[in-house]
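I have placed the structure first, in the form of structure tokens, so that the comments after it can refer back to it.
Written out as structure tokens, the structure is:
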């Protein structure tokens, strides 16, 4: 697998984002994640968006981080927020999410961020297992879904 940075509005990123949104909609019975996002949020040095490609240059997995600082949505100064972690079904179990997660943590640390935070949901046990096995711990809720009962928030010091 070849993991490389791409803009959040790259056609492959859009394709994978559509797939993850469909999966969220299926798991939660809604329209997917309504958190407002745009490509500028993932532009270095304030963020990064990655896609893992296979040997035939097919997009297999994605993930990104964006800068967050203290605000009325519960973020803290120095936060890097993980967004859009996704692996297509046929590539699950290959360790791609763990590789992307490690690359994003390293990049956020190099950018001066001090904590990686993420929001997932109770209907995503695979995500919870990935994050807890990667030393993420439950934290106070933040972000767009901070008042939603199915929302789960985690953090890890960088």
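Numbering (the numbering used here), first residue to last: 1047 to 1204.
Heads up, the beta-carbon is just placed ideally off N, CA and C, and yes, glycines get one too.
None of the values given here were measured: they were computed from a predicted structure.
Once you ignore the five residues that flank residue i on each side, which residues in its own chain have a CB closer than 6 Å to its CB?
i	result
residue 1001	Because the chain is modelled from 1047 through 1204, residue 1001 falls outside the range shown and cannot be assessed.
residue 1210	Within the shown structure, residues of the chain are numbered from 1047 to 1204, placing residue 1210 beyond reach of any answer.
residue 1081	1190
What number of angstroms, rounded off, separates the C-alpha of residue i from the C-alpha of residue j?
i	j	result
residue 1075	residue 1191	15 Å
residue 1175	residue 1072	20 Å
residue 1182	residue 1114	17 Å
residue 1132	residue 1119	24 Å
residue 1066	residue 1202	23 Å
residue 1136	residue 1049	17 Å
residue 1130	residue 1088	11 Å
residue 1134	residue 1093	23 Å
residue 1187	residue 1148	23 Å
residue 1047	residue 1100	5 Å
residue 1171	residue 1117	29 Å
residue 1200	residue 1128	10 Å
residue 1146	residue 1138	13 Å
residue 1085	residue 1193	26 Å
residue 1056	residue 1140	24 Å
Looking only at its chain, what residues have a beta carbon closer than 7 Å to the beta carbon of residue i, apart from the 5 residues adjacent to it on each side?
i	result
residue 1070	1078, 1079
residue 1052	1058, 1059, 1095, 1097
residue 1151	1162, 1204
Once you ignore the five residues that flank residue i on each side, which residues in its own chain have a CB closer than 8 Å to its CB?
i	result
residue 1198	1165, 1166, 1167, 1168, 1174, 1184
residue 1144	1176, 1180
residue 1124	1115, 1158, 1159, 1160, 1161
residue 1121	1114, 1115, 1127, 1163, 1188, 1189
residue 1178	1200
Taking buried to mean at least 16 other C-beta atoms within 10 Å of its own C-beta, is residue i buried or exposed?
i	result
residue 1142	buried
residue 1196	exposed
residue 1054	buried
**Asked** How about the segment 1096 to 1116 and the segment 1053 to 1065: do they share at least three Cβ pairs that are nearer than 8 Å?
**Response** yes
**Prompt:** In chain order, which continuous runs of the alpha helix (DSSP H) of length 4 or greater are located wholly inside the segment 1089 to 1148?
**Reply:** none
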